[in-house]
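Novice: Handing you this structure, nothing more for now.
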Amino acid sequence: QADVGSGSLGCCGWLIVILSGLFVFSLFPFTIWFCIKIVQEYERAVIFRLGRITDRKAKGPGIFFVLPCTDSFVKVDLRTVSFDIPPQEILTKDSVTVCVDGVVYFRVSDPISSVANVSNADFSTRLLAQTTLRNVLGTKNLAELLSDREGISHSMQASLDEATDPWGIKVERVEIKDVKLPHQLQRAMAAEAEATREARAKVIAAEGEMNASRALKEASLVIAESPSGLQLRYLQTLTTIAAEKNSTIIFPLPMDVISHFMKK
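Here full-length UniProt numbering is used: the first residue of the sequence shown is 1, the next is one more, and so on.
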């Protein structure tokens, strides 16, 4: 990290600063407009005096003063910034090629580090997010990629936050937006899902038949114990059939009734 505020300006440096101060005071009514600077509530100013950062804390918000001949400053925006990670072609752990994109939310937590330690903090964070997305998803298989998006997002956030901490960047949130599969893989997965559903339906139907056969067996045992119960079942069936219109009814008679008439 940058050694902020260390060292001295030297004799020449102090001489230039003193001359700049005398120039400002001598032309006070005119130079005051060059000395007063204003930054917004969401901004901070990092001041350089003869190429050195003057303080460990950024200036702002509000009014601050600079020496027009020796000082320069850089404005840093502290608001949360979001950007889309471009779609990345990624080879998963189980050798499946997918196209994944996402979104990252970050903000500047240390204005001095974001200016002194990296050339362009915003652009560097964008490039690092693309690399981190590839590195993290390359260690996951397709099933984990489709089912554990929240865990992947947290893992990416932790990796990005740790890498960008020396740059004064705080990564607040990372989200996986979309996972695009090849068309052939989509058709294969759809066929697999359809076959799985058909197999499950056949198993459920077989279990239903087995339960129904057990119930019929128990009912037959109950009816066998009471011959009159079978007659009542016949009558109930007849009532059900008679509810339909234009029906032909075949009513079975017990053999013991027929044998009674045959004896006569």
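Think of the CB as a built atom: it goes at the ideal place given N, C-alpha and C, for glycine as much as any other residue. Here the structure is a predicted model, which means the values were calculated and not measured.
Considering only the alpha carbon of each residue, which of Gly102, Cys11, Lys140 lies closest to Gln130?
Specialist: Comparing Cα positions, the closest option is Gly102.
Novice: My guess is that residue 286 and Cys35 are in contact by the Cβ rule of under 8 Å, so how many angstroms apart are they, rounded?
Specialist: Any question about residue 286 goes unanswered here, given that the chain covers just 1 to 264.
Novice: Please state whether the Cβ-Cβ distance between Leu142 and Asp178 is less than 9 Å.
Specialist: For Leu142 and Asp178, no; Cβs fall outside 9 Å.
Novice: Grouping DSSP H, G and I as helix and E and B as strand, with all else coil, what is Val4?
Specialist: Any reading at Val4 must be qualified, since the residue scores a pLDDT of 48, below 50, and its modelled position is unreliable; the value itself is stated next. In the structure shown, Val4 sits in coil (DSSP, three-state: anything other than H, G, I, E or B).
Novice: Note down the Cα distance separating Val4 from Arg126, rounded to an integer number of angstroms.
Specialist: Below a pLDDT of 50, predicted positions are generally treated as unreliable, and Val4, at 48, falls in that range; the measurement from the model is reported next regardless. Approximately 26 Å, taken between the alpha carbons.
Novice: Taking 8 Å as the threshold, find out whether the stretch 34-50 comes into contact with the stretch 83-92 through three or more Cβ pairs.
Specialist: These segments do not touch.
Novice: By Cβ distance below 8 Å, which residues in the same chain neighbour residue 307 in space, the five residues on each side in sequence not counted?
Specialist: Only positions 1 to 264 of the chain appear in this structure, which leaves residue 307 out of reach.
Novice: Short check: CB of Ile47 to CB of Thr54, under 9 Å?
Specialist: Cβ distance < 9 Å, so Ile47 and Thr54 count as in contact.
Novice: Helix, strand or coil for Tyr105, going by three-state DSSP, please let me know.
Specialist: The answer is strand: DSSP assigns Tyr105 an E or B state.
Novice: Consult DSSP for residue 276 and reduce its assignment to one of helix, strand or coil.
Specialist: Past the boundaries of the shown model lies residue 276; the chain is included only from 1 to 264, so the question cannot be answered.
Novice: Would a C-beta distance cut-off of 9 Å place Glu172 and Ser153 closer than the cut-off?
Specialist: Result no, Cβ atoms of Glu172 and Ser153 do not sit closer than 9 Å.
Novice: Just the C-alpha distance for Val76 and Phe28, rounded to the nearest angstrom, thanks.
Specialist: Spanning the two alpha carbons is a distance of roughly 29 Å.
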